[in-house]
Structure formats: C-alpha cells, structure tokens
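Trainee: Shown below is the structure under consideration.
Number of protein chains: 2
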Amino acid sequence: MEDWRATYRLLAHCKHIFHGRSSPNFHNSKRFCSSGHRYHFNQPSEPINPYIGNYQQEFQTYKQPSLSLGINQRYRCRSHYRCFASQATIIQRRPDFSTISSEDVSYFKKILGERGVVQDEETLDAVNTDWMRKYKGTSKLMLQPRSAEEVSQILKYCNSRCLAVVPQGGNTGLVGGSVPAFDEVIVNTSHMNKIISFDKVSGILVCEAGCILETLIAFLDNQGFVMPLDLGAKGSCQIGGNVSTNAGGLRLLRYGSLHGSVLGLEVVLANGTVLDMLGTLRKDNTGYDLKHLFIGSEGSLGIVTKVSILTPPKLSSVNVCFLACSDYASCLKLLLDAKRKLGEILSAFEFLDHDAMDLVLKHLEGVRNPFPSSMHNFYVLIETTGSSESYDREKLDAFLLHSMENGLISDGVVAQDITQASSCWHIREGIPEALMKEGGVYKYDLSIPVETMYDLVEEMRVRLDASAKVVAYGHLGDGNLHLNISTPQYDDNILSQIEPFVYEWTSKHKGSISAEHGLGLMKANKIHYSKSPETVQLMASIKKLLDPNGILNPYKVLPPSLFSKAEIYTE
Amino acid sequence: MEDWRATYRLLAHCKHIFHGRSSPNFHNSKRFCSSGHRYHFNQPSEPINPYIGNYQQEFQTYKQPSLSLGINQRYRCRSHYRCFASQATIIQRRPDFSTISSEDVSYFKKILGERGVVQDEETLDAVNTDWMRKYKGTSKLMLQPRSAEEVSQILKYCNSRCLAVVPQGGNTGLVGGSVPAFDEVIVNTSHMNKIISFDKVSGILVCEAGCILETLIAFLDNQGFVMPLDLGAKGSCQIGGNVSTNAGGLRLLRYGSLHGSVLGLEVVLANGTVLDMLGTLRKDNTGYDLKHLFIGSEGSLGIVTKVSILTPPKLSSVNVCFLACSDYASCLKLLLDAKRKLGEILSAFEFLDHDAMDLVLKHLEGVRNPFPSSMHNFYVLIETTGSSESYDREKLDAFLLHSMENGLISDGVVAQDITQASSCWHIREGIPEALMKEGGVYKYDLSIPVETMYDLVEEMRVRLDASAKVVAYGHLGDGNLHLNISTPQYDDNILSQIEPFVYEWTSKHKGSISAEHGLGLMKANKIHYSKSPETVQLMASIKKLLDPNGILNPYKVLPPSLFSKAEIYTE
Ligand SMILES: Cc1cc2nc3c(=O)[nH]c(=O)nc-3n(C[C@H](O)[C@H](O)[C@H](O)COP(=O)(O)OP(=O)(O)OC[C@H]3O[C@@H](n4cnc5c(N)ncnc54)[C@H](O)[C@@H]3O)c2cc1C
Ligand SMILES: Cc1cc2nc3c(=O)[nH]c(=O)nc-3n(C[C@H](O)[C@H](O)[C@H](O)COP(=O)(O)OP(=O)(O)OC[C@H]3O[C@@H](n4cnc5c(N)ncnc54)[C@H](O)[C@@H]3O)c2cc1C
Chain A
1 MEDWRATYRL LAHCKHIFHG RSSPNFHNSK RFCSSGHRYH FNQPSEPINP YIGNYQQEFQ
61 TYKQPSLSLG INQRYRCRSH YRCFASQATI IQRRPDFSTI SSEDVSYFKK ILGERGVVQD
121 EETLDAVNTD WMRKYKGTSK LMLQPRSAEE VSQILKYCNS RCLAVVPQGG NTGLVGGSVP
181 AFDEVIVNTS HMNKIISFDK VSGILVCEAG CILETLIAFL DNQGFVMPLD LGAKGSCQIG
241 GNVSTNAGGL RLLRYGSLHG SVLGLEVVLA NGTVLDMLGT LRKDNTGYDL KHLFIGSEGS
301 LGIVTKVSIL TPPKLSSVNV CFLACSDYAS CLKLLLDAKR KLGEILSAFE FLDHDAMDLV
361 LKHLEGVRNP FPSSMHNFYV LIETTGSSES YDREKLDAFL LHSMENGLIS DGVVAQDITQ
421 ASSCWHIREG IPEALMKEGG VYKYDLSIPV ETMYDLVEEM RVRLDASAKV VAYGHLGDGN
481 LHLNISTPQY DDNILSQIEP FVYEWTSKHK GSISAEHGLG LMKANKIHYS KSPETVQLMA
541 SIKKLLDPNG ILNPYKVLPP SLFSKAEIYT E
Chain B
1 MEDWRATYRL LAHCKHIFHG RSSPNFHNSK RFCSSGHRYH FNQPSEPINP YIGNYQQEFQ
61 TYKQPSLSLG INQRYRCRSH YRCFASQATI IQRRPDFSTI SSEDVSYFKK ILGERGVVQD
121 EETLDAVNTD WMRKYKGTSK LMLQPRSAEE VSQILKYCNS RCLAVVPQGG NTGLVGGSVP
181 AFDEVIVNTS HMNKIISFDK VSGILVCEAG CILETLIAFL DNQGFVMPLD LGAKGSCQIG
241 GNVSTNAGGL RLLRYGSLHG SVLGLEVVLA NGTVLDMLGT LRKDNTGYDL KHLFIGSEGS
301 LGIVTKVSIL TPPKLSSVNV CFLACSDYAS CLKLLLDAKR KLGEILSAFE FLDHDAMDLV
361 LKHLEGVRNP FPSSMHNFYV LIETTGSSES YDREKLDAFL LHSMENGLIS DGVVAQDITQ
421 ASSCWHIREG IPEALMKEGG VYKYDLSIPV ETMYDLVEEM RVRLDASAKV VAYGHLGDGN
481 LHLNISTPQY DDNILSQIEP FVYEWTSKHK GSISAEHGLG LMKANKIHYS KSPETVQLMA
541 SIKKLLDPNG ILNPYKVLPP SLFSKAEIYT E
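Residue numbers (the working numbering), protein chains in the order written: chain A, 1 to 571; chain B, 1 to 571.
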C-alpha cells in the first residue's frame with residue numbers, strides 16, 4: 001500500500017478551493033493526479049492523516065438553501081417561470097368535477113378546524129406552483145389533515161361531491177405531479193409528521209407520511225441506523241412523497257429500491273377506506289402484496305398516511321472521493337471496476353459532465369473546482385460505507401491506484417473529513433439548483449443501458465447546437481441519466497426539437513423515460529414509450545377499480561384518454 | 001488477533017464427525033469451545049491453515065437426495081401420506097368448472113404436440129401429489145408448454161371452456177398450492193427452461209420461468225455473479241415458482257426479497273393476454289409497477305413465463321461457522337452482535353434447536369454432530385460473504401472471540417474449506433427432509449418479532465406434551481420461524497390442538513402466518529389472521545379483475561367465500 005500512498009499530492013493551494021459555511025474548503029484533502037500511467041507527486045513521503053470516518057451526522061444536515069426556505073419564501077427568488085397556460089392548451093379540465101363551494105369549505109373546517117384549511121393567497125400561490133416553477137395550478141383550497149381518519153373524511157367527502165384532489169408532500173417533485181393541473185383541492189400531508197415507533201432490534205421505523213426525509217435521516221443517525229434513501233431534496237421532501245414517487249436517489253445502488261425496503265403502508269383510498277397494510281415484518285407472504293401498487297403511483301391510487309421501513313445499521317466508516325475522467329468510456333470502466341473491487345462497501349457512484357460542473361461553479365455560492373488548474377470532461381463521485389476505517393480506506397486506495405495506473409482517472413481528491421466530503425456531495429447535489437438559476441430547464445430522467453447512455457447527450461448537443469446548453473449528470477451506478485437542457489427562457493421551438501426525439505431515442509435503446517421522477521403531468525401521455533399497451537391497459541383498469549370517479553390526481557401518470565370521458569379532456 | 005486464534009481447539013477426532021460423499025467430514029475444521037468466559041484449548045499454538053475461501057461452485061451443486069430424483073421416482077420412497085379426502089370435506093369442487101373432454105385433449109395436442117400433453121397415470125400421480133405427500137389432487141391432464149404463446153393459447157382456451165388450471169413449477173411448495181385441489185388441469189413450466197440473456201455489465205439475467213434455481217446458480221457462478229436467492233429445494237424448484245411464491249430462503253438477509261431484485265416479468269393472464277413487463281432496467285418509474293402483483297400471488301393471477309432479475313457480483317471470500325448456544329436469549333444477542341459487528345459481510349444467520357438437530361442426525365445419511373461429545377439447546381449457522389479473505393476472516397474471528405468472551409457461544413466450528421462449509425449447510429438444509437422421514441408433519445412458516453418467537457415453540461411443547469415432537473428452525477436473521485410439529489401419523493386430534501392456536505398466537509404477537517411459503521390451499525381461509533378485511537377485500541377485487549372466471553389456481557390464496565358462487569364451495 002505504501003506505493004499508492006506516496007502517489008498523493010497534498011496541494012498547498014487546496015485551501016482556496018471551497019469557501020463559505022455550507023461549502024467548506026478542501027484544506028488538507030488528499031489530492032492525486034495521474035497522466036497516463038505515471039503519477040506526479042510533490043511530497044512523496046507526506047504522511048497521511050488518519051481519515052475521519054464517521055461524519056454521517058453533520059453531513060446529513062446539509063440543506064440546499066432554496067429547499068430549506070418556508071413554503072412561501074421558497075418561490076419568491078426564482079427568476080424563470082412558465083405559466084401553466086401553455087399546458088392548458090393540451091388538456092382540458094374535466095367538466096364533471098365540481099368546483100369548491102362555501103359549503104365545502106365549511107364542511108372541511110368542521111372536520112379539520114380552521115388550522116387545517118388554508119385559503120390565503122400567498123400560500124396558495126406557493127403550493128400551486130411546482131419546484132421548477134414550470135407547472136402552476138389554480139387551486140383555491142389547501143387542506144392539511146392531521147391523521148389518516150381526517151384524510152379519510154376528506155376523501156370520502158370529495159369522492160361523493162366529485163371534487164378532484166391532488167395529494168402533496170414536500171412539493172419537490174420534478175414532473176408536475178404535486179401541484180394541481182387546474183383547481184384540484186390540495187391535500188398536503190405536512191401536518192402528519194410524527195415518528196410513531198422505532199425498533200432498535202430490527203431497525204424498523206414506522207412514521208407518518210409527512211415526516212421530512214432529513215428529519216428521519218437525523219433521527220436514525222442518533223439511533224445508529226441509516227435511512228436507505230437519500231436525495232438532494234431531503235430538506236423538504238417527505239417520506240410519503242418519496243414512497244409515492246418511488247424515489248431513487250443517492251443510496252439506491254447500495255440499499256436497493258423502496259420496493260425492497262418499505263415493509264408496510266397505511267393508505268387512504270379515494271372512497272375514504274383506510275387500508276391498513278402497515279406491516280412491520282421483514283417477511284410476510286399472506287396474499288398479494290398490495291403496498292407495491294402505491295409505491296410509485298404518484299398519488300393517483302390513494303393517499304399514503306403511514307410508512308413502515310426497514311433501515312440498515314449505520315456503518316462507522318464513510319469515504320468520499322471526487323475524481324476526474326477524460327472520457328465517458330473511462331467513467332464506465334471505473335464503474336465496473338468499482339463494483340468488483342469495492343464490492344460490498346460501494347455506496348454511491350455518481351457522475352457529472354463538464355457542463356454540469358460549469359453550472360455549479362457559476363451559480364452555487366462558495367463552490368470552487370476541486371481541481372482548480374483545469375476543467376475535465378467528466379467527474380465521478382464515489383462513496384464507500386463499511387465497518388472498518390482502515391480496511392475500507394486501504395481498499396479504496398488500492399482501487400484508486402489501480403484506476404490511475406490504468407489511466408482511467410486524470411485527477412482526484414479523497415475527502416479527509418466530513419467537511420470535505422460534504423463539499424464533494426455539494427457539487428453533485430447542487431446541480432438541480434444551479435440549473436434553476438441558469439434559466440428555463442427541460443429535465444429528462446432516463447434509465448438507459450450505461451454503454452450507450454452518453455451517446456444521447458452527444459446527439460442532443462449536435463441537434464440543439466448553440467441554442468441550448470445540454471447538461472448531463474446522474475446516478476451512473478444505477479444506469480440513471482439526468483439529461484437537462486438549459487435555455488435562457490422556456491421556448492416551445494426548442495421543446496419540439498427535444499421531444500419526441502428524446503423519448504423515441506430512449507425507447508429505441510430499451511430505456512425508461514422515467515427512471516425515478518415518475519410521470520406526473522409531464523409524461524402521462526408518454527407512458528407508451530416505456531410500457532406495452534396491455535400493461536398500460538391493466539394500469540388503467542386498476543385505477544378505475546380503486547378510484548372509479550378518478551378524483552385522485554387526475555390528468556397525471558396515465559394518459560387521460562384511457563378513461564371513460566376520454567374525448568372531453570384528451571390531448 | 002493472535003489471542004483469538006490461540007483459542008481454537010483442533011479436535012483430533014473431528015474427522016469422524018461427517019461421513020459419506022454428500023456429507024464430508026470436518027477433518028481439519030477449527031473448533032473452539034467456551035464455558036462462560038473461559039475457553040479451553042488443547043493446542044494453543046496450533047497454526048491456522050489458510051481458509052479456503054471461494055467454494056461457491058461446489059457448495060452450490062449440493063442437492064437434497066429426494067429433490068434430485070425424477071418426478072416419478074420422487075414420490076415412491078415416501079412413507080407417510082395423507083389423502084386429500086379429508087380436505088375435501090372442507091371445500092367442494094366448484095360445479096361451474098367444466099371437466100376435461102376428449103375434444104379438449106385433442107385441442108391441446110394440436111397446439112402443444114403429443115410431448116406437451118401428459119396423461120400417463122404414474123406421472124399424473126406424481127404431479128398430483130405435493131412434496132409433503134399431504135395434498136393430492138385428481139387431475140387427468142398435465143400440459144407442458146414450451147413458450148409464452150403456448151401458455152397463452154392454453155389459458156385462452158381454458159378460460160373460454162371454464163376449465164380450472166393449476167400452474168406448477170418444481171412442485172416443492174409447502175402449502176398445497178402447486179397441486180390440484182380437484183381435477184384442475186396442471187400447467188407445468190418445466191419445458192420452458194432457457195436462459196435468454198445475461199449482461200455482465202449490469203448483472204441482469206433474463207430467463208424462462210422453468211429454469212431450475214440450481215441451474216441458474218451454477219450458470220451465474222461461472223459468470224462471476226450470484227443468484228440473490230438460495231434455498232434447500234434449489235435442485236428442483238424453478239425460478240417461476242420462486243417468483244410466484246416470493247420465496248425467501250437463505251440469502252434474503254443479505255440481498256433482500258424478490259420484490260427488490262426481480263426487475264421484470266412476462267406473465268400470461270387468465271384470458272391469454274401476454275403481459276410484457278420484462279424490463280431489464282435497475283430503475284423504471286413509468287406508471288404502476290404491476291409485476292409486484294404477481295410476485296407472491298401463487299399462480300392465482302397469471303402464469304409467469306419469463307423473469308428478469310438483478311444479480312450481484314460474486315464475492316470471493318465466504319466463511320461459514322456453526323455455533324452452539326445454551327439458550328435462545330444467547331442466539332438473539334448473537335444475532336444483534338452479528339448485524340453490528342459483521343455488518344456488510346453478514347450473508348446468513350440461520351438457527352435450529354436441539355430437536356431439529358436430533359432429527360437430522362437420526363435421519364440424514366452421513367450427518368453427525370459437529371460437537372460429538374454433547375448436544376446443545378440451540379445451534380446457529382453464520383455465513384459471511386465479502387471480497388477480502390484475510391479481512392473477513394479477521395472480522396469473523398474477532399466477532400467469535402467477543403461472543404465467546406460474553407458467554408454467548410458454548411461451542412463452535414469454523415469451516416476450513418468448501419467441504420466443511422457444505423457439511424454445515426447440509427445440517428440446516430436437511431431439516432425438511434429429515435422431518436419428512438420422521439412421519440407426518442404440520443409445518444408452520446411464521447414471521448414473529450424475534451424477541452418473542454421462541455415462546456411460541458415452548459408454549460406449543462407444553463400444549464402437545466408427549467403426543468408430538470415440536471421442532472423449530474429457520475431464518476432467524478429475518479425473524480422467520482419454521483415451526484414443525486412431527487407426529488408418527490397425521491392426526492386430526494393433534495391438528496385441532498395446534499390450529500387455530502398457532503394462528504391466534506401469531507396474530508396476537510403481530511406476526512405473519514406465512515413468512516415465505518405463501519397461503520396456498522393450506523391457509524387460504526386463514527388470511528384474516530394477518531391481513532385486514534379491507535385489504536383482503538381489495539385482493540379479491542383484483543383477483544376478479546384479472547381472472548373473472550376464477551380459473552387460475554382456484555380455492556387457493558384467498559378464502560373461496562369471497563367469490564361470487566361463495567355458498568357452493570365455502571368452508
Ligand atoms: C433538488 C432535488 C433533487 C432531487 N433528487 C432526486 C433524486 O435523487 N431521486 C429521486 O427519485 N427524486 C429526486 N427528486 C424528485 C423527487 O421526486 C422528490 O424530491 C421526492 O421524492 C418527492 O417528495 P415530496 O414529498 O416533495 O413529494 P411531492 O413533490 O409533494 O409529490 C410528488 C408526487 O407524489 C404525490 N404524493 C406526495 N405525497 C403523497 C402522499 N402522502 N400520498 C400519495 N401521494 C403523494 C404527489 O401527488 C405527486 O404526484 C429531486 C428533487 C429536487 C428538487
Ligand atoms: C426442502 C425445501 C426447502 C425449502 N426452503 C424454502 C426456503 O428456504 N424459503 C422459501 O421461501 N421456500 C422454501 N421452500 C418452499 C418454496 O416455496 C419452494 O421451494 C419454491 O419457491 C417453489 O418453487 P417451485 O418451482 O417448486 O413451485 P411450485 O411448488 O411448483 O409452486 C408453488 C406455487 O407457485 C405457483 N407457481 C409455480 N410456478 C408458477 C409460474 N410459472 N407462474 C405462476 N405460478 C406458478 C404454483 O401454482 C403454486 O401455487 C422449500 C421447500 C422445500 C421442499
């Protein structure tokens with residue numbers, strides 16, 4: 001191992017890389033750099049500081065500034081905005097839905113109290129608008145129930161009155177699913193935010209749907225456990241929203257999808273039935289496992305009110321490194337090597353390209369390039385999590401040495417403490433926010449076999465030429481590309497150059513047009529690019545079975561044309 | 001570490017422990033023994049042979065003798081047998097189902113050829129009888145389609161003729177689900193056994209439903225990957241059957257349930273529709289994830305014809321140890337410690353009690369007690385899987401040392417090579433077979449919070465007194481108890497002392513009455529012990545939606561009383 005250690009280059013100027021409180025600098029970070037098979041080192045015998053392993057606690061409390069604002073403030077600072085109007089030319093409000101009357105409001109006040117019924121304009125404006133400021137509804141009413149029973153009463157009433165409803169958690173969804181398309185009643189779960197139980201023997205957490213992901217992460221950390229789910233929006237998104245979108249995020253590579261870790265749900269159906277599927281057992285094969293219907297159904301089959309989830313024990317040693325690669329092929333080879341060589345300790349493998357890095361450096365306060373002298377074509381963030389600091393670090397070092405020898409890495413830093421690790425993560429997690437600051441953004445969240453994934457990005461660049469910036473990043477370890485096309489303003493001409501091309505390309509390459517964000521309003525009519533007609537038909541039958549009046553999140557997820565009154569509100 | 005190594009006691013007489021080809025001896029195994037906080041050692045400075053790590057290949061090809069027999073042979077050697085007649089007093093054949101005519105047979109021969117239509121009595125006798133020889137149907141016809149299209153033609157025809165069907169894979173199911181209750185047509189998937197593709201980059205395997213689990217395990221092993229599923233019946237059970245029962249098995253602790261690792265399915269519905277959900281992507285959030293409906297639906301919603309599954313890379317180092325504990329509390333503490341201390345390398349944590357060991361020693365050829373001088377109250381098998389032999393072994397050693405110091409282990413052996421590891425596994429995997437050889441057996445497969453799990457076993461012993469042997473083993477790491485009550489003959493008096501007590505107890509302790517085996521015929525009417533009425537009602541609605549005529553595996557999974565012609569065939 002000593003050979004590899006000697007390859008570190010401790011950069012004196014490293015301390016200038018990161019500024020600011022939430023973007024601490026890389027002072028003392030270990031940097032290495034290789035060109036081909038030879039590596040330079042300035043201080044070959046510089047001793048290595050012991051790696052400070054357990055930084056989970058502090059790291060987890062990092063928040064994206066925009067996400068930590070209150071609902072009302074959150075939307076004020078945004079500069080670009082596309083009114084829902086242009087979508088309204090595509091779908092029409094279902095005429096059979098009622099509109100809110102003063103009797104309705106009185107009824108809701110009776111069951112929820114004044115506090116649970118929100119009508120003030122400023123708040124409504126915020127909760128009608130999605131995170132990207134791309135979709136905007138015109139709801140006149142937000143309800144904030146405090147229990148499954150209250151949700152049940154709300155839905156029973158709405159169903160009988162044929163009032164459409166949009167379930168809403170943290171409103172961080174990226175496909176227009178969490179805001180009304182028209183004037184649907186917003187049922188927001190923020191007030192249902194209790195942790196109900198945690199079993200330290202089994203690691204099973206039971207909580208209400210409105211618990212904020214970051215709160216759960218911090219709670220578990222204190223108990224010596226980890227949430228099997230983590231994502232950039234953790235400061236605002238709620239576990240109910242995560243379950244309803246089947247959120248993937250940064251830890252899926254290690255802990256698998258929510259279909260594997262969610263053990264039970266309590267869900268309220270459109271007619272008010274409370275479905276108690278809140279199992280707390282690792283294994284239960286008694287009949288059909290219906291909870292899976294609700295995981296990823298984006299509020300169109302029921303409102304999730306409680307979640308039971310299996311959480312793994314926290315492991316004490318976490319390593320993060322941030323690497324530069326000269327081409328995509330090297331990123332891929334690095335991924336394969338990481339899977340083999342880091343094996344059971346690999347916990348994240350994220351990538352971003354030059355343009356994504358460029359945007360983060362431009363827009364996020366205090367972030368600087370970890371490799372200040374040069375920009376590279378690709379960057380990879382690798383995290384390992386294990387139970388032995390020395391062993392994990394040795395393993396990572398051996399892997400990095402090998403990758404440098406093979407010319408896969410052109411430069412890299414290994415975080416030496418939690419502050420530096422946070423800085424690495426900050427670059428990766430800050431991309432969505434940086435994109436928002438750049439202007440309009442067309443977001444595509446694609447699953448594509450990794451070998452061909454980046455071809456799409458390059459084809460898109462050729463296609464759009466100078467008219468837009470094409471930015472790519474994502475969960476490479478899971479084959480998940482976030483393709484973002486950034487333009488000064490939203491522009492329908494550009495949109496027509498992107499779509500349907502991007503969907504057709506993905507479909508042709510056996511990919512999925514939504515890896516993790518869901519379909520929402522944005523892609524309800526695009527489902528056939530990823531699913532067979534028979535499968536979509538069965539989805540529609542299940543929707544009709546569970547929500548015969550179609551009051552739950554209408555116009556979303558499935559093509560509206562599949563439902564009975566098709567002709568009225570179809571594209 | 002050297003201290004711990006010195007605690008090993010290499011037993012000279014160890015070579016006599018195991019006999020025979022499939023139960024190789026423990027010669028050279030490392031044995032240690034502690035009483036309380038002091039450990040004895042005969043040869044304290046005996047050097048440790050390097051552990052021979054990668055034994056996956058040979059280990060996986062071990063077969064339970066009875067399971068490796070052909071269909072016809074398999075059932076001849078069994079001694080205990082309970083005719084289905086006594087069940088027939090409980091349910092009645094649905095009179096609206098047709099009976100097979102010669103025209104039906106001609107039609108099936110036309111679409112499947114002579115080879116696909118089986119009518120000879122001996123074979124029919126075998127496939128009408130379940131693995132336990134407890135349930136027996138009277139089907140006159142077994143069909144063996146070779147493709148999804150043939151399955152589609154079969155089901156379309158059966159649906160139009162109202163002919164009931166039982167899907168059958170390897171017929172190793174333990175709840176009477178895989179054999180006809182009456183004269184249902186058996187649709188056996190054994191001829192659909194092709195591996196379709198394997199992607200070495202992503203580890204995604206696509207194969208037909210009839211592939212035998214062990215064949216897939218061996219295939220993947222050659223490719224440097226592992227099947228995330230392993231169970232004692234691997235030599236006979238098929239992946240389609242595994243998916244349809246949502247089989248758990250020996251690796252669930254490490255790799256999670258099939259809901260996490262199955263990426264896609266092709267399923268034929270009752271009306272012959274082929275549902276292509278055969279995704280090969282790690283992530284795909286386009287609409288409802290319908291494949292989960294079929295995982296664990298025990299052939300009652302559709303016939304699985306193809307499976308796509310994510311397989312993890314094979315790790316080179318595997319350790320197995322077999323430990324003795326004096327009480328259940330020690331097993332529990334050992335489990336908690338193992339989760340914490342072995343962390344990411346823990347891959348199995350199985351337990352058996354004194355009575356289970358007793359049976360294995362009595363009935364399985366060549367198996368001897370690894371601790372020959374004494375019997376203990378409990379035994380635990382721990383497996384670790386990781387990527388570093390030295391590190392894993394060090395970790396395991398430290399864990400064992402700590403457990404001995406704390407008095408949790410009273411004796412133990414660590415396998416020194418694949419042969420010894422197989423011997424350890426042979427004890428655990430051989431229990432179901434040993435039970436079969438003892439006489440009649442009432443099998444209960446329960447999920448119960450681990451803290452109270454063994455109380456049920458003890459209460460049951462008090463309840464049954466000398467009239468039956470109560471044997472307990474299972475996947476302790478997953479909270480899964482296999483409670484078996486062994487009697488010389490099947491006896492309804494004893495049954496009435498066991499049931500409903502066992503279900504009521506489990507329900508009262510918030511457990512599940514089927515952790516992994518499913519409900520089948522045995523527990524269709526017991527579902528309410530584990531699921532709420534609303535949930536069961538929704539399951540029935542989904543069954544009606546997908547199979548309106550109820551031809552698929554009737555009388556199984558859900559209480560027959562829930563379906564329209566209830567009064568005719570209800571308990
Ligand atoms: C900066 C940023 C980073 C992100 N990173 C990731 C990522 O890495 N991986 C990923 O998968 N996603 C990511 N997302 C998007 C992701 O979908 C959401 O962050 C999250 O899962 C949604 O949770 P929420 O509580 O905000 O739900 P919302 O946005 O409020 O709602 C999302 C959908 O779920 C429904 N819903 C919400 N709550 C409920 C409920 N209780 N019952 C029924 N339906 C409900 C809504 O109707 C809507 O259709 C990111 C978003 C942002 C802004
Ligand atoms: C010795 C032994 C050890 C076992 N250990 C375990 C264990 O550790 N964990 C565990 O979970 N189980 C265990 N089992 C039981 C387990 O259910 C089965 O071994 C296995 O999963 C069933 O596969 P099979 O192909 O034999 O299915 P079968 O027994 O043929 O069928 C089981 C059920 O699935 C249905 N089915 C089968 N194939 C299809 C298909 N293609 N499409 C639709 N439906 C289908 C059948 O109708 C039936 O309801 C064990 C059984 C034995 C005999």
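Positions of the beta carbon are idealized from the N, C-alpha and C atoms, including for glycine.
With distances taken Cα to Cα, identify the nearest neighbour of B:Arg-463 among B:Trp-505, B:Arg-282, B:Lys-437 and B:Gly-474.
Mentor: B:Trp-505
Trainee: Can you look up A:His-482 in the DSSP assignment and give me helix, strand or coil?
Mentor: strand
Trainee: Could you give the DSSP three-state label for B:Asp-130: helix, strand or coil?
Mentor: In the structure shown, B:Asp-130 sits in coil (DSSP, three-state: anything other than H, G, I, E or B).
Trainee: Could you check whether B:Asn-246 and B:Gly-296 sit closer than 8 Å to each other, using their CB atoms as the reference points?
Mentor: yes
Trainee: To the nearest angstrom, how far is it from the Cα of A:Thr-452 to the Cα of B:Pro-95?
Mentor: 56 Å
Trainee: Just to check my reading of the structure: A:Cys-325 and A:Val-380 have Cβ atoms closer than 8 Å, yes? What is that Cβ distance to the nearest angstrom?
Mentor: 6 Å
Trainee: Strictly under 8 Å for the Cβ-Cβ distance: is A:Gln-56 near chain B by that measure?
Mentor: Because the pLDDT of A:Gln-56 is 27, which lies under 50, any placement of that residue in the model is unreliable, and the number read from its coordinates should be weighed accordingly. No, its Cβ sits nowhere closer than 8 Å to a Cβ of chain B.
Trainee: Is the Cβ of A:Asp-337 closer than 8 Å to any Cβ of chain B?
Mentor: no
Trainee: So who's on the other strand from A:Glu-383, going by DSSP bridges?
Mentor: A:Glu-383 is bridged to A:Val-320 and A:Ala-348.
Trainee: From B:Lys-156 to B:Leu-275, what distance separates their C-alpha atoms?
Mentor: 14 Å
Trainee: Use the C-beta contact count for B:Tyr-75: other C-beta atoms within 10 angstroms, 16 or more gives buried, fewer gives exposed.
Mentor: Low per-residue confidence applies at B:Tyr-75: pLDDT is 32, beneath 50, and the placement is therefore not dependable, though the value from the model is reported in the following sentence. B:Tyr-75 should be labelled buried.
Trainee: Per the DSSP calculation, A:Asn-549 is bridged to which residue(s)?
Mentor: The partner list for A:Asn-549 (beta bridge, DSSP) is empty, contrary to what the question assumes.
Trainee: So, for B:Ser-388: in the same chain, excluding its five sequence neighbours on each side, which residues have a beta-carbon less than 7 Å away from its beta-carbon?
Mentor: Ser-317
Trainee: Determine which residues share a DSSP beta bridge with B:Gly-264 and list them.
Mentor: B:Ser-308
Trainee: For A:Gln-416, does the count of other Cβ atoms within 10 angstroms reach 16, so buried, or fall short, so exposed?
Mentor: buried
Trainee: Start and end of the beta strand (DSSP E) containing B:Ile-196?
Mentor: Run containing B:Ile-196: 195-199, per the beta strand (DSSP E) assignment.
Trainee: Any residues in the stretch 473-495 of chain B with a beta carbon nearer than 9 Å to a beta carbon of chain A? Which ones, in chain order?
Mentor: His-475, Gly-477, Asp-478, Gly-479 and Asn-480
Trainee: Do we get a CB-CB distance below 8 Å when we pair A:Tyr-288 with the residues of chain B?
Mentor: yes
Trainee: Measure how close the beta-carbons of B:Gly-173 and B:Asp-130 come, nearest whole angstrom, since I'm counting them as under 8 Å.
Mentor: 7 Å
Trainee: In chain order, what residues of the same chain lie with their CB nearer than 6 Å to the CB of B:Met-460, ignoring the 5 residues before and after it?
Mentor: Val-470
Trainee: Taking all protein chains shown into account, decide if A:Asn-222 is buried (16 or more other Cβ within 10 angstroms of its Cβ) or exposed.
Mentor: exposed
Trainee: Between which two residues does the beta strand (DSSP E) holding A:Ser-447 run?
Mentor: From DSSP, the beta strand (DSSP E) with A:Ser-447 extends over 440-447.
Trainee: Under 9 Å Cβ-Cβ, which residues of chain B neighbour A:His-517?
Mentor: Asn-285
Trainee: Determine the closest residue to B:Lys-283 out of B:Gly-264, B:Gly-299 and B:Ala-270, with distance taken between C-alpha atoms.
Mentor: B:Gly-264
Trainee: Starting from the C-beta of A:Thr-61, find all residues in its chain whose C-beta is less than 8 Å away, skip the five residues before and the five after it, and write them out in chain order.
Mentor: Residue placement at A:Thr-61 cannot be trusted, given a pLDDT of 27 that sits under 50; the coordinates are not used to answer.
Trainee: Determine, using beta carbons only, whether A:Pro-313 comes closer than 8 Å to chain B.
Mentor: yes
Trainee: Does the separation of the CB atoms of B:Leu-252 and B:His-475 fall below 8 Å?
Mentor: yes
Trainee: With hydrogens ignored, establish whether the beta-carbon of A:Leu-278 is closer than 7 Å to any heavy atom of ligand 3.
Mentor: As for ligand 3, it is missing from this structure, which binds only ligand 1 and ligand 2.
Trainee: When you compare the stretch 254-269 of chain A with the stretch 296-308 of chain A, are there three or more beta-carbon pairs, one atom per stretch, that lie closer than 8 Å?
Mentor: yes
Trainee: Just how far apart, CA to CA, sit A:Tyr-328 and A:Thr-286?
Mentor: 46 Å
Trainee: Name the chain C residues whose beta carbon is nearer than 8 Å to that of B:Asp-276?
Mentor: In the structure shown, chain C does not exist; the protein chains are A and B.
Trainee: Thinking C-alpha only, which one of B:Gln-144, B:Asn-319 and B:Asn-188 is nearest B:Lys-109?
Mentor: Closest by C-alpha distance to B:Lys-109, out of B:Gln-144, B:Asn-319 and B:Asn-188, is B:Gln-144.
Trainee: Is the Cβ of B:Leu-538 closer than 8 Å to any Cβ of chain A?
Mentor: yes
Trainee: Tell me which same chain residues have a C-beta within less than 6 Å of the C-beta of B:Lys-333, skipping the five on either side of it?
Mentor: Leu-408
Trainee: How would you write the range of the beta strand (DSSP E) that A:Met-277 sits in, first residue to last?
Mentor: It spans 274-277 - the beta strand (DSSP E) in which A:Met-277 sits, taken as one unbroken run.
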